[in-house]
Amino acid sequence: MGASAETEAGGPRSARATHRRGAIGGASIARVSEQTGASTAGLPAEAQAPGFDTQHAHSARVYNYWLGGKDNFAADREAAEQAITANPGIVTDVRANRAFLARAVRFLATECGVRQFLDIGTGLPTASNTHEVAQAAAPDARIVYVDNDPIVLAHARALLASTPQGATAYLDADLRDPQAILRAAAKTLDFSRPIALMLLIILHLIPDGDDPYGIVTALVERLAEGSYVVLAHPASDIRAAQIAEMTRRVNERMSGPRATMRDRAAITHFFDGLDLVEPGLVQPQQWRPEPGLLSPPRVTAWCGVARKGRPAGRA
Ligand SMILES: C[S@@+](CC[C@H](N)C(=O)[O-])C[C@H]1O[C@@H](n2cnc3c(N)ncnc32)[C@H](O)[C@@H]1O
-6 MGASAETEAG GPRSARATHR RGAIGGASIA RVSEQTGAST AGLPAEAQAP GFDTQHAHSA
54 RVYNYWLGGK DNFAADREAA EQAITANPGI VTDVRANRAF LARAVRFLAT ECGVRQFLDI
114 GTGLPTASNT HEVAQAAAPD ARIVYVDNDP IVLAHARALL ASTPQGATAY LDADLRDPQA
174 ILRAAAKTLD FSRPIALMLL IILHLIPDGD DPYGIVTALV ERLAEGSYVV LAHPASDIRA
234 AQIAEMTRRV NERMSGPRAT MRDRAAITHF FDGLDLVEPG LVQPQQWRPE PGLLSPPRVT
294 AWCGVARKGR PAGRA
């Protein structure tokens, strides 16, 4: 655990980064604390680099397969297909989650004035990555991505194409060490100003024994008033039998922590002490849908956006 490498591109703060090593294109890479060996940044997915376990399925690569990506191996494809057989809705579900991510980031950048994003459990680069959506709305937006999968690190370069006015950085770090993430993210983000903390489809990979609620609390505590939490979590209480069977099949094939699906009440608990913005905790297709777009029915996740501290003018 612990942040191991940092990659940053873009505006003025990157010039101040103290742990820089070498430049790759417009980005720089630095080890923040000891963990893995040499950086794998820039490697193609197929590379059998140290740290790539291709014998077992990995959540980032299974998810990539469902999204139609090519950054996955046979074990990932087998697990993903097993999941589809148990729960054919999973493919539209993950796409609905990505659409929620884009709508939430756009909402925060355009309607709430948020200029900083801490996206933990980034996943492999795909369409409409957080920095692309945020910087399209606000070119000065600063984004820190965090993931602990070596294959996501290998593709980090695609997440670093910042606007000149903004900044992007990548941390190879584990959500179970929130203090290491906060320390490293503070090189790019100003924690005295609002930040959107993004935890989408990652908390189910933190078992109850690793205290997911304590982790979220530790992160939220460091956020300034006026910050937001964007959270999406797979549901155990929608299409329950299919989800249980899908989870069993994927867990059998995964290395690392097994997925823990949670119900609406358990997911609501992550927002304790925060003010959910309208429409509250809903399924992704129900969260501020864009007019005229046909949305998938019964997406098997709960999601919401919540604010820390009350908006000005409220008692
Ligand atoms: C299912 S993907 C979700 C990607 C993206 N957040 C989304 O919603 O589209 C989950 C990601 O979380 C990462 N992840 C899982 N456990 C993690 C941990 N303990 N620390 C950091 N990242 C983790 C995985 O490597 C994977 O890239």
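Each residue of the sequence shown is one higher than the one before, starting from -6 at the first, in this note's numbering. Backbone N, C-alpha and C fix where the C-beta goes; we use that ideal spot for every residue, glycine too.
Query raised in the report: To which residues of the same chain is T253 closer than 7 Å at the C-beta, ignoring the five residues directly before and after it?
Result: H197, P200 and D201
Requested in this report: Please confirm whether any heavy atom of ligand 1 lies closer than 7 Å to the CB of D64.
Outcome: no
Requested in this report: Say whether the segment 79 to 90 touches the segment 234 to 245, bearing in mind that this needs 3 or more beta-carbon pairs closer than 8 Å, one atom from each stretch.
Outcome: yes
Report task. Please confirm whether L193 and N90 have their CB atoms less than 8 Å apart. Result -> Contact: yes.
Report task. Could you pull out every residue in the same chain whose Cβ sits closer than 6 Å to the Cβ of H148, ignoring the five residues on either side in sequence? Result -> Around H148, the same chain offers L117 and P118 as residues with beta carbons nearer than 6 Å, after the five sequence neighbours per side are excluded.
Query - Where G297 falls, given that 16 or more other Cβ within 10 Å makes a residue buried - result: buried
Query raised in the report: Do you know offhand how far G18's Cα is from V223's?
Result: Only weak support exists for where G18 lies, its pLDDT of 29 falling under 50; the value from the coordinates is given anyway. The straight-line gap from Cα to Cα measures roughly 31 Å.
Report task. Take the Cβ of H262 as the centre, count every other Cβ of all protein chains shown within 10 Å, and call the residue buried at 16 or more, exposed below. Result -> exposed
**Report entry** Best match in E74, G249 and A95 for proximity to P282 [C-alpha to C-alpha]
**Finding:** A95
Query raised in the report: Do you know how far the Cα of V270 is from the Cα of Q279?
Result: Inter-residue distance for Q279 and V270 is about 13 Å (C-alpha atoms, whole angstroms).
Query raised in the report: For the candidate residues R251, V292, M247 and V209, whose alpha-carbon lies nearest to that of G266?
Result: If we check each option's Cα against that of G266, V209 comes out closest.
Query raised in the report: Does DSSP classify P132 as helix, strand or coil?
Result: coil
Query raised in the report: Grouping DSSP H, G and I as helix and E and B as strand, with all else coil, what is L192?
Result: strand
Query raised in the report: Helix, strand or coil: how does DSSP classify Q48 here?
Result: coil
Query raised in the report: Who are the near neighbours of A50 in its chain, counting only those whose CB is closer than 8 Å to its CB and skipping five residues on each side?
Result: A68, D69, E71, A72, A73, V243, R246, M247 and S248
Query - Neighbourhood of N141 by C-beta distance below 6 Å, restricted to the same chain and skipping five residues each side - result: Within the same chain, Cβ atoms closer than 6 Å to the Cβ of N141 are found at D167, the five residues on either side in sequence being excluded.
Query raised in the report: With a CB to CB cut of under 6 Å and the five nearest residues on each side skipped, what residues in its chain are close to D203?
Result: R169
Requested in this report: Find out if the Cβ-Cβ distance for the pair R215, L175 is shorter than 8 Å.
Outcome: yes
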